[in-house]
Amino acid sequence: MEAAAGGGCGSGPPLLLSEGEQQCYSELFARCAGAAGGGPGSGPPEAARAVPGAVTAAAGPVADLFRASQLPAETLHQITELCGAKRVGYFGPTQFYIALKLIAAAQSGLPVRIESLKCELPLPRFMMSKTDADTRFGNPAELHGAKVQIPYLITEKNTFKRMDDEDKQQETQSPTMSPLASPPSSPPHYQRVPLSHGYSKLRSSTEQMHPAPYEARQPLVQPEGPSSGAAGAKPPRHQASLIRSFSVEREPHDNNSNYPDEPWRITEEQREYYVNQFRSLQPDPSSFISGSVAKNFFTKSKLSIPELSYIWELSDADCDGALTLPEFCAAFHLIVARKNGYPLPEGLPPTLQPEYLQAAFPKPKRECTLFDSYSESMPANQQPRDLNRMEKLSIKDMADFPVPAQDVTSDDKQEQNKTRLEQNKIRLALKSTVDEALPKDMSEDPATSKDSNSLKARPRSRSYSSTSIEEAMKRGEDPPTPPPRPQKTHSRASSLDLNKVFQPSVPATKSGLLPPPPALPPRPCPSQSEQASEAEIHPQLNRAPSQAADSSPTKKDIPYSQPPSKPIRRKFRPENPAPENQEPSSTVGGPASAVTGKPHTAVQKQSSKQKKAIQTAIRKNKEANAVLARLNSELQQQLKEVHQERIALENQLEQLRPVTVL
Amino acid sequence: MAVCVAVIAKENYPLYIRSIPTENELKFHYMVHTSLDVVDEKISAMGKALVDQRELYLGLLYPTEDYKVYGYVTNSKVKFVMVVDSSNTALRDNEIRSMFRKLHNSYTDVMCNPFYNPGDRIQSRAFDSMVTSMMIQVLSRAPCCRAGEALWA
Numbered sequence: 001m002e003a004a005a006g007g008g009c010g011s012g013p014p015l016l017l018s019e020g021e022q023q024c025y026s027e028l029f030a031r032c033a034g035a036a037g038g039g040p041g042s043g044p045p046e047a048a049r050a051v052p053g054a055v056t057a058a059a060g061p062v063a064d065l066f067r068a069s070q071l072p073a074e075t076l077h078q079i080t081e082l083c084g085a086k087r088v089g090y091f092g093p094t095q096f097y098i099a100l101k102l103i104a105a106a107q108s109g110l111p112v113r114i115e116s117l118k119c120e121l122p123l124p125r126f127m128m129s130k131t132d133a134d135t136r137f138g139n140p141a142e143l144h145g146a147k148v149q150i151p152y153l154i155t156e157k158n159t160f161k162r163m164d165d166e167d168k169q170q171e172t173q174s175p176t177m178s179p180l181a182s183p184p185s186s187p188p189h190y191q192r193v194p195l196s197h198g199y200s201k202l203r204s205s206t207e208q209m210h211p212a213p214y215e216a217r218q219p220l221v222q223p224e225g226p227s228s229g230a231a232g233a234k235p236p237r238h239q240a241s242l243i244r245s246f247s248v249e250r251e252p253h254d255n256n257s258n259y260p261d262e263p264w265r266i267t268e269e270q271r272e273y274y275v276n277q278f279r280s281l282q283p284d285p286s287s288f289i290s291g292s293v294a295k296n297f298f299t300k301s302k303l304s305i306p307e308l309s310y311i312w313e314l315s316d317a318d319c320d321g322a323l324t325l326p327e328f329c330a331a332f333h334l335i336v337a338r339k340n341g342y343p344l345p346e347g348l349p350p351t352l353q354p355e356y357l358q359a360a361f362p363k364p365k366r367e368c369t370l371f372d373s374y375s376e377s378m379p380a381n382q383q384p385r386d387l388n389r390m391e392k393l394s395i396k397d398m399a400d401f402p403v404p405a406q407d408v409t410s411d412d413k414q415e416q417n418k419t420r421l422e423q424n425k426i427r428l429a430l431k432s433t434v435d436e437a438l439p440k441d442m443s444e445d446p447a448t449s450k451d452s453n454s455l456k457a458r459p460r461s462r463s464y465s466s467t468s469i470e471e472a473m474k475r476g477e478d479p480p481t482p483p484p485r486p487q488k489t490h491s492r493a494s495s496l497d498l499n500k501v502f503q504p505s506v507p508a509t510k511s512g513l514l515p516p517p518p519a520l521p522p523r524p525c526p527s528q529s530e531q532a533s534e535a536e537i538h539p540q541l542n543r544a545p546s547q548a549a550d551s552s553p554t555k556k557d558i559p560y561s562q563p564p565s566k567p568i569r570r571k572f573r574p575e576n577p578a579p580e581n582q583e584p585s586s587t588v589g590g591p592a593s594a595v596t597g598k599p600h601t602a603v604q605k606q607s608s609k610q611k612k613a614i615q616t617a618i619r620k621n622k623e624a625n626a627v628l629a630r631l632n633s634e635l636q637q638q639l640k641e642v643h644q645e646r647i648a649l650e651n652q653l654e655q656l657r658p659v660t661v662l
Numbered sequence: 001m002a003v004c005v006a007v008i009a010k011e012n013y014p015l016y017i018r019s020i021p022t023e024n025e026l027k028f029h030y031m032v033h034t035s036l037d038v039v040d041e042k043i044s045a046m047g048k049a050l051v052d053q054r055e056l057y058l059g060l061l062y063p064t065e066d067y068k069v070y071g072y073v074t075n076s077k078v079k080f081v082m083v084v085d086s087s088n089t090a091l092r093d094n095e096i097r098s099m100f101r102k103l104h105n106s107y108t109d110v111m112c113n114p115f116y117n118p119g120d121r122i123q124s125r126a127f128d129s130m131v132t133s134m135m136i137q138v139l140s141r142a143p144c145c146r147a148g149e150a151l152w153a
């Protein structure tokens, strides 16, 4: 290398490179230079000649390469200074090799100094993956992830040991020769990491954020794919998918979409994860997460508050301070993207719009049993119809945001969806709202979509409530008959223990008051009970006027001997207008004549019985009321007195207490 | 030909203030500050009994030679102050009212954001864009007047 250094611009320290290092560095230099020159195969021979100024590695690929070494920026600056590129202004082979060696030193943990160039170091490691840069260089290299580095390094170490035995002087003189000899045989060794021009496309703003899984995923991301062998492409693809699935389980924030053109799409496993998170915050997937709960949750993501605020603004489409499931997924996805370095969009991307997300939901929701709650809110959204149809193909095949088309198939889809619901009324009602709302959604302008979002949000809630009202109405019609009125009075009078009395009469009344008194349960024979009932009646009559409260017991006793005592009872119920006409028929003959039988009088008697029952109940309640009111006033009086006593006692206490000086 | 929009908190410090063109910012800030006195006058003039019935739109607070200042107060004593160019004679009261209503709606949306602490400066981009659209809209009328004058001149 000294020869090269001498031929070059006189960099200071001698650079001792092993043969492996030689090969590696020259290859890398070739790539860097070749990138500048644009031609494959121009690298090694020119580098070997080491003509100063003729071959320089372009700053761009070199910078990429250095960044790929994953050293901090200051270290890289130091390295560039030390290697002399800054001094001479370009990356000649000398500078480049020195820089690479220093990178290796830094990666091994040694300080970045000239002295470390003398050490035996492993090769510098560059975390890059395959891109179409390979096609440019025409190397038959395969895709590699970080894993492939390790075996290579091991083999290199072995060769390195071997080199030690050789004469170092020889080594330094041989670098110009060896690259000439080795390149054709070296492809198997050099498949480490070709330069990735695509790397610069990536967010260079994020340095250390989960490089490995993301790197491994890059092969998937590149749409064309390198023209290298497909066999080589498959294992890393598996690797990448494995890594991706691992990262899903371990580090949810690492998840990004698989689409280079649409980083805002949510994949299936991402959605599953978001839904699980939603459920952990709020068990019912069809309701909201409140603002404060969401705030606490998203603050854990350690993004800054203004960014979180902006993400909220984007994702809360209806600005209600709460997140529904699609809004939550959109917000989560934005947070994940931001953590991985994507700049936040100006407006909500179409794939994160709530309707779009809700459309995608029924697919996973079908597995859950919670589909019904979703199916109710679904018909309120217009676009889901078409999106559901496309869902069946696959989410990945959707290239464009589907614009709802008013065709017959969408109607079929509507029917299909609605049959799941079970409500005919809802089907009809929502069909009309859908048809009129579809034209509104044709435009994708975010402003109008936001308005239509807000417009839809309100009708959505309204239609939901209307469906519930309809359901309730439907169900209200089912219970057939209102409770019959006599039963009410019956229940009210139950306190009077008239149940026993009225129960036999109730069926009679219920069936339309038709059955005549003979349907009554066996009462004491009128002829027999006349005298007995008279005897009963008299003391009862005596008792009756004494107290109003006794009306209830008398009422109880009297109806037992209903037929004979009716007219008498009525005499003492002056407020009962109807039976008063019976009074003149007076005591003994009346009951007999009444019993013998006129159905309409019996009917009258029964209704009057009920009236009496009501009236006695009323009277009783009034009395109870009066008693309680009296009691209340007495107690209040007592309370006042006690208050006064207490005040007097407190005054005394104050006077008796020794005065404290404060 | 400048327009300024300011949102003042209950404690009379600005939550959001923006003006076009930006070189005369200090003048507009001063104008808004002095208009707060007028706002307080108007509020207290309504009387305590009418607090609920008080109308939110306060109308023209005071005119100056070049500008007119309009005010609007919410029920939580958050004030919106708008400075409008006097040469913009096409602006009617209804339009000012609708502008205040839009402001109020956007302010409510900002409030709904749980990451926004009441009392912080308003940094919402949606709010910004709404205010920008309002300012540009108001600005777009003035050239019509100027063009009309130029025709006649």
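Just so you know, the protein sequences line up as chains A and B, in that order.
Each step along the first sequence adds one to the number in UniProt numbering, with nothing skipped, and position 288 is 288.
Each step along the second sequence adds one to the number in UniProt numbering, with nothing skipped, and position 104 is 104.
The C-beta atom is built at its ideal place from N, Cα and C for all residues, glycine as well.
**Asked** Using the C-alpha atoms, what's the distance from residue 291 of chain A back to residue 100 of chain B?
**Response** 26 Å
**Prompt:** What number of angstroms, rounded off, separates the C-alpha of residue 337 of chain A from the C-alpha of residue 293 of chain A?
**Reply:** 21 Å
**Asked** residue 126 of chain B versus chain A: which residues are under 7 Å apart at the beta carbon?
**Response** 313
**Message:** Please return the same chain residues whose Cβ sits closer than 6 Å to the Cβ of residue 264 of chain A, not counting the five positions on each side in sequence.
**Reply:** 349, 351, 352
**Prompt:** Taking Cβ positions only, does residue 109 of chain B come closer than 8 Å to chain A?
**Reply:** yes
**Message:** Please list, in chain order, the chain A residues whose beta carbon lies closer than 8 Å to that of residue 80 of chain B.
**Reply:** Neighbours of residue 80 of chain B on chain A: none; closest Cβ ~18 Å, over 8 Å.
**Asked** Quick one: which chain A residues come within Cβ less than 8 Å of residue 116 of chain B?
**Response** 309
**Item:** Opposing strand residues paired with residue 85 of chain B [DSSP bridges]
**Value:** B:67
**Request:** Could you give the DSSP three-state label for residue 326 of chain A: helix, strand or coil?
**Result:** helix
**Asked** Are there 16 or more other CB atoms within 10 angstroms of the CB of residue 703 of chain A, so buried, or fewer, so exposed?
**Response** For chain A, the structure presents residues 1 to 662; residue 703 of chain A sits outside this window and is missing.
**Asked** Since residue 89 of chain A meets chain B, which of its residues come closer than 7 Å, beta carbon to beta carbon?
**Response** Under the 7 Å cutoff, chain B gives no residues; its nearest Cβ is about 42 Å from residue 89 of chain A.
**Message:** So for residue 105 of chain A, helix, strand or coil by DSSP?
**Reply:** helix
**Request:** Say whether the stretch 265 to 273 of chain A touches the stretch 62 to 81 of chain B, bearing in mind that this needs 3 or more beta-carbon pairs closer than 8 Å, one atom from each stretch.
**Result:** no
**Prompt:** What is the C-beta distance between residue 28 of chain B and residue 35 of chain B, in whole angstroms, given that I count them as a contact (C-beta under 8 Å)?
**Reply:** Contact flag wrong, Cβ pair sits at about 10 Å.
**Prompt:** Touching or not, the stretch 54 to 65 of chain B and the stretch 641 to 648 of chain A, by the rule of three or more beta carbon pairs under 8 Å?
**Reply:** no
**Message:** Checking 8 Å against the spacing of the C-beta atoms, do residue 344 of chain A and residue 311 of chain A come in under that value?
**Reply:** yes
**Request:** Can you give me the start and stop residues for the alpha helix (DSSP H) that residue 14 of chain B sits inside?
**Result:** It is not in any alpha helix (DSSP H) - residue 14 of chain B instead sits in the beta strand (DSSP E) that spans 14 to 20.
**Request:** Check the Cβ of residue 305 of chain A against every Cβ in chain B and list those closer than 7 Å, keeping chain order.
**Result:** 115
**Item:** Per-residue contacts from residue 112 of chain B into chain A (C-beta, under 8 Å)
**Value:** 291, 316, 319, 320, 321
**Asked** Taking the alpha-carbon positions, what's the residue 267 of chain A to residue 17 of chain B distance?
**Response** 42 Å
**Prompt:** Which partner residues of residue 73 of chain B appear in the DSSP bridge assignment?
**Reply:** B:79
**Request:** Anything in chain B within Cβ reach of residue 295 of chain A, meaning under 7 Å, just list it in chain order.
**Result:** 114, 115
**Assumed close pair residue 29 of chain A, residue 68 of chain A - CB separation to whole angstroms, cut-off 8 Å** = Actually they are not in contact, since the Cβ atoms of residue 29 of chain A and residue 68 of chain A sit about 15 Å apart, beyond 8 Å.
**Prompt:** Which residues bound the beta strand (DSSP E) around residue 7 of chain B?
**Reply:** 3 to 8
**For residue 324 of chain A and residue 288 of chain A, the rounded distance between their alpha carbons** = 5 Å
**Request:** Return yes when the Cβ of residue 111 of chain B is within less than 8 Å of the Cβ of residue 5 of chain B, no when it is not.
**Result:** no
**Asked** From what residue to what residue does the alpha helix (DSSP H) around residue 291 of chain A run?
**Response** 291 to 299
**Request:** Classify residue 56 of chain B as helix, strand or coil using the three-state DSSP reduction.
**Result:** coil
**Exposed unless 16 or more other CB atoms sit within 10 angstroms - verdict on residue 114 of chain B** = buried
**Message:** Is the separation between the beta-carbon of residue 76 of chain A and that of residue 32 of chain A shorter than 8 Å?
**Reply:** no
**Message:** According to DSSP, simplified to helix, strand and coil, what is residue 100 of chain B?
**Reply:** helix
**Prompt:** How would you call residue 663 of chain A, buried or exposed, if buried means at least 16 neighbouring beta carbons within 10 angstroms?
**Reply:** Because chain A in this structure spans residues 1 to 662, residue 663 of chain A falls outside the shown range and cannot be described.
**Request:** State the DSSP-derived secondary structure class of residue 126 of chain A, mapped to helix, strand or coil.
**Result:** coil
**Item:** Cβ neighbours of residue 663 of chain A in the same chain (closer than 8 Å, five flanking residues each side left out)
**Value:** In this structure chain A extends from 1 to 662, so residue 663 of chain A is not present and cannot be described.
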